[in-house]
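The block underneath contains the structure these notes are about, expressed in structure tokens.
There are 2 protein chains.
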Amino acid sequence: MIRTIHSDHCHLGWDRSIKPVHFARSGETIAFSCRDAGNGHYHHESTAADILTAEPANANPLTGPVYVDGAEPGDALKVTIHEFSPSGFGWSAVIPGFGLLADQFAEPKLKLWDYDTTAKTPAVFNDIASVPLRPFIGTIGVAMAEPGNHSVIPPRHVGGNLDIRDIAAGATLYLPVAVEGALLSLGDTHAAQGDGEVCGTAIESAMDVEITVEVVKGAAPKFPRFETRGPIARHLDERGYEVTTGVGPDLMAAARDAVSGMIDHLSASRGLSPEDAYMLCSVAGDLRISEIVDAPNWVVSFYFPRIVFG
Amino acid sequence: MIRTIHSDHCHLGWDRSIKPVHFARSGETIAFSCRDAGNGHYHHESTAADILTAEPANANPLTGPVYVDGAEPGDALKVTIHEFSPSGFGWSAVIPGFGLLADQFAEPKLKLWDYDTTAKTPAVFNDIASVPLRPFIGTIGVAMAEPGNHSVIPPRHVGGNLDIRDIAAGATLYLPVAVEGALLSLGDTHAAQGDGEVCGTAIESAMDVEITVEVVKGAAPKFPRFETRGPIARHLDERGYEVTTGVGPDLMAAARDAVSGMIDHLSASRGLSPEDAYMLCSVAGDLRISEIVDAPNWVVSFYFPRIVFG
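Listed in order, the protein sequences are those of chains A and B. Everything in the first sequence is counted per my numbering, starting at 32 for the first residue and increasing by one. Everything in the second sequence is counted per my numbering, starting at 32 for the first residue and increasing by one.
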């Protein structure tokens, strides 16, 4: 029987002095019960007004930390991700002051999701759009070498709030250990998200996840690295994509142009409100760098999967 | 019988004063015969030394321009891409002073490719790596409103050297018309390239391509936009991906870290030289922006398809 780390064993922020909630051996399989990034703030009766009462300091609780026996600075912590048990309830939001186009979206907007806990059927957004699901871990990392409490919002070279949509079942992640025992924590589980997480939220949802931890001596990567064993886009790409671009000398501006272009395009072609288009882009669309060599102008493209519209 | 624009009808640079080589009606299907981006400089006996004798001013010749009847500023030129007839010979190169990691790769390196002209079988890179093919148009655009001759290297809001790997058969591209007649030109055909074109070259290859042009009145997009009708990664994703990341406050630095990490990883795990790994990354790997909202740090990921190694 494997050990389950309950979601009550959670912490806010990264801090190497937080006492481990479990001491694991290298090779051990562990279940983590994860709260959602809103730390339980949202429920079925929530409205957009509740976005304004969410306390940022309570956001993104992480389950852990787990001390892994034998892990030392310079080692890699290998994390194999087995399976997810999603809760079936989730939320997405336009949060004032947060997100790629925060300057263009001042009003709060909330979308609540009830979705299939097997993640096999798309989650209904509205009467014209449904989003294919693929649960993954939004935040996974090890403690930083630097003492003190560090915000959980930015990701760092030791991992954290990476929001990489393919850190899903079947992936194997390598994190650089920075302190003795590694002190692995994770949370911020997502039922679906596109590359970029452009509005700032995915389908945020509490889940249980089962993983195996293993120490690989002396193999610390400079930044997180992972492998994923199979196709990663078959749930999305059957009907192709609508693609908008941004072209110019600044990747951030080009990314903003590409996403703005898609919001305009989806609003005009599908009759979506800009806020709904923005949230759909965040949970289903992908930001890619198409070229980064034709100086002085780069191309960032935003790919929106047409399967969302059936 | 459709009109073929011969590759002798080519120009260097974008200039609205270049005389059209064909006057097309809206809805007409046209074949373009395209030179490679090296303008015929490379052949089966070429070596890395030939990279240093390539004249930059001769690079990236474009077939055209084609005047499309009825196209005016403010319209969209809709270009439907039908099919490619690739030549079967191509080249990739590490060009000193060019590419995402130009500071790390000072020596020229040349790879010549002989590939299946049906593009159905992967092109052999060496005894351990082969690259799945998907021909596309690297440079496609319309004349700029500004008079004078403008370098063909940077892409712009009117298109040009976009190097978007999905402007392939089955795609429909919308370009903003900036001058009367649009003055469409294209070239720089590629047999394969990943998102980013990180070393600065794809599998550069002369090809014929058949397209249909159509004027959509008053529908100019701000930047190029396209649709692609079907799966775009099935030739690549069967065996999953190796993924490296870069994490930090600057997207360009993060992209460089992600690609450097992959070169190190492929060199260590597969025994490739750094130059070979860099070229393989350029023709087969994808740069994605995994998150762009968790201020102040963003995550850029580089996805390398394992199918390249069989």
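Glycine included, every Cβ here is placed at the ideal spot set by N, Cα and C. Since this is a predicted model, take the numbers as computed values, not measurements.
My output table needs one value for residue i: the three-state DSSP class, helix, strand or coil.
{"i": "A:ASP165", "result": "Checking the displayed sequence, the identity of residue 165 of chain A turns out to be Arg instead of Asp. In this structure, A:ARG165 counts as coil in the three-state DSSP scheme."}
{"i": "B:THR84", "result": "helix"}
{"i": "A:HIS53", "result": "strand"}
{"i": "B:ALA202", "result": "strand"}
{"i": "A:CYS312", "result": "helix"}
{"i": "A:GLY190", "result": "strand"}
{"i": "B:HIS221", "result": "strand"}
{"i": "A:MET238", "result": "strand"}
{"i": "A:ALA137", "result": "coil"}
{"i": "B:HIS40", "result": "coil"}
{"i": "B:GLY121", "result": "strand"}
{"i": "B:ILE195", "result": "coil"}
{"i": "B:ALA251", "result": "coil"}
{"i": "A:ILE338", "result": "helix"}
{"i": "A:ALA154", "result": "strand"}
{"i": "A:ALA107", "result": "strand"}
{"i": "B:ALA79", "result": "helix"}
Just the Cα atoms here: how many angstroms apart are residue i and residue j?
{"i": "A:ARG349", "j": "A:SER38", "result": "Shown here, chain A extends from 32 to 341; a query on residue 349 of chain A therefore has no answer."}
{"i": "B:PRO305", "j": "B:GLN135", "result": "10 Å"}
{"i": "A:VAL314", "j": "B:PRO139", "result": "42 Å"}
{"i": "B:THR243", "j": "B:ALA308", "result": "37 Å"}
{"i": "A:LEU282", "j": "A:VAL290", "result": "12 Å"}
{"i": "A:SER321", "j": "A:ILE33", "result": "44 Å"}
{"i": "A:VAL210", "j": "A:MET238", "result": "27 Å"}
{"i": "A:PRO163", "j": "A:ARG260", "result": "19 Å"}
{"i": "A:HIS188", "j": "B:ALA285", "result": "11 Å"}
{"i": "A:ARG165", "j": "A:ALA223", "result": "5 Å"}
{"i": "B:LEU43", "j": "B:ILE195", "result": "20 Å"}
{"i": "A:PRO117", "j": "A:SER236", "result": "7 Å"}
{"i": "A:LEU108", "j": "A:TRP329", "result": "35 Å"}
{"i": "A:ALA326", "j": "A:PRO280", "result": "8 Å"}
{"i": "A:ASP106", "j": "A:ALA251", "result": "5 Å"}
{"i": "B:SER300", "j": "B:LEU206", "result": "43 Å"}
{"i": "A:VAL110", "j": "B:ARG265", "result": "27 Å"}
{"i": "B:ALA102", "j": "A:GLU269", "result": "33 Å"}
{"i": "A:ASP158", "j": "A:THR152", "result": "15 Å"}
{"i": "A:VAL331", "j": "A:ALA154", "result": "28 Å"}
{"i": "A:PHE156", "j": "B:HIS40", "result": "51 Å"}
{"i": "A:GLY342", "j": "A:GLU258", "result": "This structure gives no information on residue 342 of chain A, because the portion of chain A shown stretches from 32 to 341."}
{"i": "A:PRO178", "j": "A:LEU214", "result": "13 Å"}
{"i": "B:GLY95", "j": "B:VAL52", "result": "6 Å"}
{"i": "B:GLY227", "j": "A:VAL208", "result": "30 Å"}
{"i": "B:THR60", "j": "B:PHE254", "result": "24 Å"}
Suppose the cutoff is 8 Å on Cβ atoms and the five residues either side in sequence are ignored; what does the same chain contact list for residue i look like?
{"i": "A:GLY191", "result": "TRP45, THR170, ILE171, GLY172, VAL183 and PRO185"}
{"i": "A:ASP100", "result": "PHE54, ALA55, ARG56, SER57, GLY212 and VAL246"}
{"i": "A:LEU132", "result": "VAL229, CYS230, ARG287, VAL290, SER291, ILE294 and TYR309"}
{"i": "B:LEU297", "result": "GLU273, LEU303, ALA308, LEU311, CYS312 and PHE335"}
{"i": "A:PRO127", "result": "ILE82, LEU83, ALA133, PHE136, ALA137, GLU138 and PRO139"}
{"i": "A:LEU267", "result": "PRO163, ALA315, PRO336 and ILE338"}
Kindly list the residues whose CB is nearer than 6 Å to the CB of residue i, restricted to its own chain and excluding five residues on each side of it in sequence; keep chain order.
{"i": "A:GLU241", "result": "ALA62, HIS113 and GLU114"}
{"i": "A:TYR73", "result": "TRP122"}
{"i": "A:GLY225", "result": "ALA315, GLY316 and ASP317"}
{"i": "A:PHE167", "result": "ARG196, ILE198, ALA199 and HIS221"}
{"i": "A:GLY130", "result": "CYS230 and GLY231"}
{"i": "A:ASN180", "result": "GLY44 and ASP46"}
{"i": "B:ASN70", "result": "ASN89 and PRO92"}
{"i": "A:ARG256", "result": "TYR205"}
Can we count residue i as close to the ligand ADP, meaning its CB is less than 7 Å from some heavy atom?
{"i": "B:ASP197", "result": "The ligand ADP is absent from the structure shown, which contains no ligand whatsoever."}
Starting from the C-beta of residue i, find all residues in its chain whose C-beta is less than 7 Å away, skip the five residues before and the five after it, and write them out in chain order.
{"i": "A:THR35", "result": "ALA62 and SER64"}
{"i": "A:ALA160", "result": "LEU311, VAL339 and PHE340"}
{"i": "A:GLY249", "result": "GLY105 and ASP106"}
Do the stretch 186 to 200 of chain A and the stretch 47 to 57 of chain A meet, that is, are 3 or more Cβ pairs less than 8 Å apart?
-> no
Taking contact to mean at least 3 C-beta pairs separated by less than 8 Å, is the stretch 231 to 244 of chain A in contact with the stretch 120 to 140 of chain A?
-> yes
Does the stretch 133 to 151 of chain B come within contact of the stretch 61 to 80 of chain B, defined as at least 3 CB pairs closer than 8 Å?
-> yes
Between the stretch 333 to 341 of chain A and the stretch 253 to 273 of chain A, do at least 3 Cβ pairs fall closer than 8 Å?
-> yes
Determine, using beta-carbon pairs with one atom in the stretch 144 to 161 of chain B and one in the stretch 84 to 94 of chain B, whether at least three such pairs fall under 8 Å.
-> no
Any chance you could list the beta strand (DSSP E) runs of at least 3 consecutive residues sitting entirely within the stretch 274 to 336 of chain A, in chain order?
-> 317 to 322 and 329 to 336
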